[in-house]
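Counting in the working numbering, the sequence shown runs without a single skipped number right up to 1002 at its last residue. Data block below; observations after.
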Amino acid sequence: MPESTTVRVSVDSGAFGTVVMTRTPRLSWATATAAPGWTQQSAEVSWTGPHGALIREISGAASVLVAWPFAPLRDGERGTVRVRVHSRDTGWSPWSDEVPVLCGVRDGWPATWIGHPGPRTEQCPVRLRRTVEVREGLVSAMLHATAHGVYQAYVDGVAVDDERLKPGWTTYGVRDTYAATDVTPLLTEGPRTLTVDLAAGWYSERFGFHGQERYVYGAQPAFTGVLTLTYADGTVDEVVTDGSWEVTDEGPVIASGIYAGEHVDARKENPTTWVPAASSPVDVAPVPRTSPPVRATQELAPIEVIRTPSGATVLDFGQNLVGHLRIRVSGPAGSTVTLRHAEVLENGELALRTLRRAAATDRYTLAGTGDETWEPRFTFHGFRYAQLDGWPGTLDPASVTAVVVGSDMRRTGTFASSHALLDRLHENVVWSMRGNFLSIPTDCPQRDERLGWTGDIQVFAPTASFLHDADAFLSSWLEDLELAQTEDGSVPFVVPDVLDSAHVGTAAWGDAATLVPWTLYQRFGDRDTLARQFGSMTRWVDWMAGRAGENLLWEDDFQFADWLDPSAPPENPADAKADKDLVATAHLFRSADVVAQAARVLGDDAAAGKYGDLASRVRAAWLAQYVTANGRLMSDAQTAYAVAIGFGLVDDARRQAMGDRLADLVERAGYRISTGFVGTPLIADALSDTGHADVAGRLVLNDENPSWLYPVTMGATTIWERWDSMLEDGSVNPGEMTSFNHYALGAIADWMHRRLAGLAPIEPAYRRVEVRPLPIDGIDRARATFESAYGTHEAGWERVGESLRIRVVVPPNTTALVHVPGGDEPVAVGSGTHEWMAPAPARAAAWEGFSSETPLVEIRRNAGAYAAAKSALVGALGADGAATFLTMVEWGPQATFRQHALMLPPAAISALDTALADV
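Rendered as structure tokens:
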């Protein structure tokens, strides 16, 4: 086989470089070969470590998250891994390139927590230092460290790595995670100065709302670490944090907070007042950090300099992002540059109301030494616009750079189509994920919140797992979710639970406990996480069942329900059309069903039977309570039908009736979205699965408010929290809770990948995929790619005259089941590139002879007719009057414009007839 095999350690997706934070790293490898239909029969894994080379054979096709086949790695053990594979058709491949591995796990934690004994203020940034004598013959130096706060370590002023905001946010004091850094190149022989800059970060932030803000963990940060020096003669020195370290609170970082921002005074770079550090015991030993590190991942230059009505200077970076600014500035010592951040402008000025109590302001006081370059290290902001005050001299916009910061995950999925607005929507989803996957999956990155809301990630996990290799990131977060659960299984609103919400429990949010691990198994084949979280999953379902009681209907509890249904008033986003109890009990069914499936995967037949039976009984109770004999739901709302179809609650003839009713509701609403957090990820699938792909297409491609594309038409570069976070007049939604960077409603991207482009996994880790192209009107081509552990998968289609060209790329050791339009049976194919030409689906017959007496649903289905009617109404009613009328009218099969004549001026009907006659 002419092409080599490659190996990657999947525990950290390569994000830590050579360091692995486990003693038994799982291995994945992808095979590249031109041989069609290639399947692995066996593989050999070679480990070359301190005691020579070992080889283990792996029988069969396994090549994803394969268990470590050697003895567990010892502290600091180094070696290399390589793999070769065997196929009946091609024989043995050459050995892959060697992949270096360094075990970052250590036994024991001899260090203490250290900090300042009497800091000058709360949330006080400090600098710690210790002299280290490095002897001759050093062969290895490993720094294991963590903080209650955020830190960076330096050797003689050089940062030990390129990470930001270490160690990230976990359940401090219960699950502290340490980073392992190879610092050997920095520790040359002689006295070296080890310095640590430490700031409050999440640990010493004040969390809460409405005057209830409080320190959850502590008011002051602390640091603990162990530097292990190994010499050629076999001796080992350990430098630990203890009372021998020195500390100062008079360093250059004057103040720093996640919400407030950072103030640095460059004149204080060399503090002179140092005191012995305060030391306290480490009660719970830190554990290895497995979530990918936070890093700077991109830089953006400003695209415009804006002079606001108030005279302020604002830079527009053209993209709503998460990170901070880097400035290059010169001026007199003591002068201060102030940087304020905002996502949007309102009335020409920074829109700051949406930040609430988050100041989101950085300040830099110059040293006066010539050109100075500075960027904050211990905070982050969500912004597109930045106001610069106090800039000495004339501002050169090239002196300011936006630094994008986030958890460093490998990009895996792409989507492209012929529809520019749809592609921009997908790009907005990507940017919102990048900004809100920062140590934990947050709701938003800009205001005084930035919390790990469970409901948001529950609905978004499938999309996230396509766009990036989010397995390690979400698996780590799930450990904290389980720690935050109550003993009887209730799940908090946010993880880590700084709102003390675990005792409440609510549907869709708590279901992150079951649905996120299941997603990681389906998308990555991560059986280990599924097994580890299985106890958490069952406890959540048991808790829900307990709340439901004997009748198995979860009713009368607090619920967020279909949060941010667009019809809900700004001040009450939980006031959705879909009945909250219907939604809650549906989630009890869904989670019980998933737990039963997970139990079967894990070989637990007893649990599979128990939860399968529970799911069956809950379904029966739900159907009896909420569904009529002909398939109409007691809560006649789009989300209710989407849940029933999407969760599989109904599987008889009533399913089609529900799909038909759902399509009817969507059309009556004029294809304006009518779902919130719960219904949005499900509605396009529910329509597509019941024969209404045309309706799904019109819903997704609609650009009127509210819709997925409306924000794009308003210039959005990320997904908004509300469908109308910005109103059509350019003003910000008056709701107290308004963000312009919230990924939850971007969950539609999963439908775009799986259904529109047609790339859907049907076996874990994309071992087998289903390709079912879904051509819709308004789009001439769509394509998705996904880089799984096996290689790159691709599915796409394009219109060629009256035909469709379908292209599918299947990586080695996988298969695909392809549904070719017009074919009787799906086609099973192995690895390689495959193409088909097929008849394009027939378009629906166009209505002929439009007038004011044409059924409104027919006018709304026809883009030309709707545009003509809209133009005529704008002429008759004005833009605002036409918008109000078009939103209010029900686009049903019986209604006509003429029936609404009493609501329109006399000339409107005539104008409509004239405009429609030309269609």
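Note that the Cβ used here is the ideal one computed from N, Cα and C, for glycine as well. Only a predicted model underlies this, so the values are computations on that prediction, with no experimental measurement involved.
query                                                                                                                                                      : result
Should A154 be labelled buried (16 or more other beta-carbon atoms within 10 Å of its own) or exposed?                                                     : exposed
I need the DSSP call for D696, collapsed to helix, strand or coil.                                                                                         : helix
Under a three-way DSSP split, which group does S1014 fall into?                                                                                            : Residue 1014 lies beyond the stretch modelled for the chain, which goes from 84 to 1002, so this question has no answer here.
Where V92 and G406 are concerned, what is the direct C-alpha to C-alpha distance, given to the nearest angstrom?                                           : Residue confidence for V92 is low, a pLDDT of 49 falling below 50, so the modelled location carries little weight and cannot support an answer.
Find the nearest neighbour of L939 within the set A911, F968 and T916, judged by alpha-carbon distance.                                                    : F968
For L508, which residues in the same chain have their Cβ closer than 7 Å to its Cβ, ignoring the five residues on either side in sequence?                 : W791, L792 and V795
From the DSSP output, in three-state form, read off T602 for me.                                                                                           : helix
Do the CB positions of V233 and A282 come within less than 8 Å of each other?                                                                              : yes
Using the C-alpha atoms, what's the distance from V1002 back to G947?                                                                                      : 6 Å
Given a cut-off of 8 Å, decide if V710 and R737 are closer than it, judged by their beta-carbon atoms.                                                     : yes
Which residues does DSSP list as the beta-bridge partners of L887?                                                                                         : R882 and A921
Measuring alpha carbon to alpha carbon, tell me which residue in A113, R161 and S142 is nearest R106.                                                      : R161
What do you reckon, are the CB atoms on A644 and A631 nearer than 8 Å?                                                                                     : no
Quick one, are the C-beta atoms of V377 and G489 less than 8 Å apart?                                                                                      : yes
Do S914 and W328 have their C-beta atoms within less than 8 Å of each other?                                                                               : no
Smallest Cα separation from T116: which of H134, T131 and D172?                                                                                            : D172
Take T800 as the anchor and find which of N788, N785, F823 and S808 has the nearest alpha-carbon.                                                          : F823
Would a C-beta distance cut-off of 8 Å place R864 and E881 closer than the cut-off?                                                                        : yes
Determine the DSSP secondary structure at P392, reduced to helix, strand or coil.                                                                          : coil
Hey, E288 and Y342 are a contact pair by Cβ (cut 8 Å); roughly how many whole angstroms apart?                                                             : 6 Å
Give a yes or no on whether the C-beta atoms belonging to P354 and G334 are separated by under 8 Å.                                                        : yes
Less than 8 Å between the beta carbons of V215 and R275, yes or no?                                                                                        : yes
Does V666 come out as helix, strand or coil in the three-state DSSP assignment?                                                                            : helix
Just to confirm before moving on: does the CB-CB distance between T373 and S584 stay below 8 Å?                                                            : no
Closer than 7 Å by C-beta to N634: which residues in its own chain qualify, once you throw out the five before and the five after it? Chain order, please. : A704
For a quick check, are the C-beta atoms of V726 and V666 less than 8 Å apart?                                                                              : yes
Identify whether Y468 lies in helix, strand or coil by the three-state DSSP scheme.                                                                        : strand
Checking 8 Å against the spacing of the C-beta atoms, do R702 and L748 come in under that value?                                                           : no
Who are S125's beta bridge partners in DSSP?                                                                                                               : S142 and H169
Write down the C-beta distance between V102 and A263 rounded to the nearest angstrom, noting that I regard them as a contact closer than 8 Å.              : 5 Å
Looking at the unbroken beta strand (DSSP E) that takes in G273, where does it start and where does it end?                                                : G273 to A282
First and last residue of the alpha helix (DSSP H) that includes D445?                                                                                     : Note, D445: premise wrong, no alpha helix (DSSP H); beta strand (DSSP E) at T444 to T448.
Can you give the Cα-Cα distance for P85 and G174, rounded to whole angstroms?                                                                              : Unreliable positioning characterises P85 in this predicted model, as indicated by a pLDDT of 45, which lies under 50. The coordinate reading is nonetheless provided below. Between P85 and G174, the C-alpha separation is close to 11 Å.
As a quick exercise: from A690, Y694 and A723, pick the residue whose alpha carbon is nearest that of L706.                                                : A723
Would the segment 135–153 count as touching the segment 108–115 if we require 3 or more Cβ pairs under 8 Å?                                                : yes
Going by other Cβ atoms of all chains shown within 10 Å of its Cβ, with 16 needed for buried, is P528 buried or exposed?                                   : buried
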